[in-house]
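So the structure is just underneath, and the comments pick up after that.
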Amino acid sequence: MTEIITCEATRHGRTWVAHVPAHDVYGSGRTLGIVREDVREGLAAFGVTGEVEITPVMPELEALRSAEAAYEQALAAAVTALRLRKAPLRDIAEATRVTTPRVKRLLTKEIQSDQREEGESS
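Throughout the sequence shown, residue numbering follows this note's numbering, covering 5 to 126 in sequence.
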């Protein structure tokens, strides 16, 4: 199994700079792909191999991630509420503007979450 090495990258002018604290390796480049390769090469110099996962970090991206998380929570709540009101899956999908398979996945997650909570309270 390939090790996944995670790091954060920040933008400095026209360049991305990433740091892997666990191995004290830095990488930089004009694109995230170049940064990923630079970090991979830096890690290889220390005998470390694996898949490099870069998370770009800046306030606007953090705000975007927060908004996405809030949307996902609101979507799950809306899907659950509509299902409790016996709405058909197609209607739930249309009302929430997502696909029917996505509605099914959200409902499956809700059921699994409920089952875990029941198991913990027993």
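Here a beta-carbon is modelled for each residue, glycine too, at the ideal position from N, C-alpha and C.
If you compare alpha carbons, which of the options is closest to residue i?
i      : options                        : result
Ala85  : Leu110, Cys11 and Ala73        : Leu110
Val21  : Thr35, Leu65 and Ile9          : Thr35
Val179 : Arg18, Glu12, Gly37 and Gly17  : What the structure shows of the chain is the stretch from 5 to 126, and residue 179 is not part of that stretch, so it cannot be assessed.
Ala26  : His16, Thr19, Phe50 and Glu41  : Phe50
Glu114 : Asp95, Arg69, Thr103 and Ala82 : Ala82
Gly17  : Leu47, Glu41, Met62 and Val43  : Met62
Residue i and residue j look like a contact to me (Cβ under 8 Å); what is the Cβ gap, rounded to whole Å?
i      : j      : result
Glu45  : Thr6   : Their Cβ separation, rounded to whole angstroms, is 17 Å, which puts Glu45 and Thr6 out of contact at 8 Å.
Val39  : Gly33  : 4 Å
Glu57  : Ile8   : 5 Å
Thr10  : Thr59  : 7 Å
Leu93  : Lys108 : 7 Å
Thr100 : Leu79  : 6 Å
Looking at the unbroken alpha helix (DSSP H) that takes in residue i, where does it start and where does it end?
i     : result
Ala99 : Leu93 to Thr100
Which residue marks the beginning of the beta strand (DSSP E) containing residue i, and which one marks its end?
i     : result
Gly17 : Run containing Gly17: none; DSSP gives neither H nor E here.
### Task
Tell me the start and end of each unbroken beta strand (DSSP E) in the segment 49 to 84 that is at least 3 residues and wholly inside, in chain order.
Runs found: 55 to 60.
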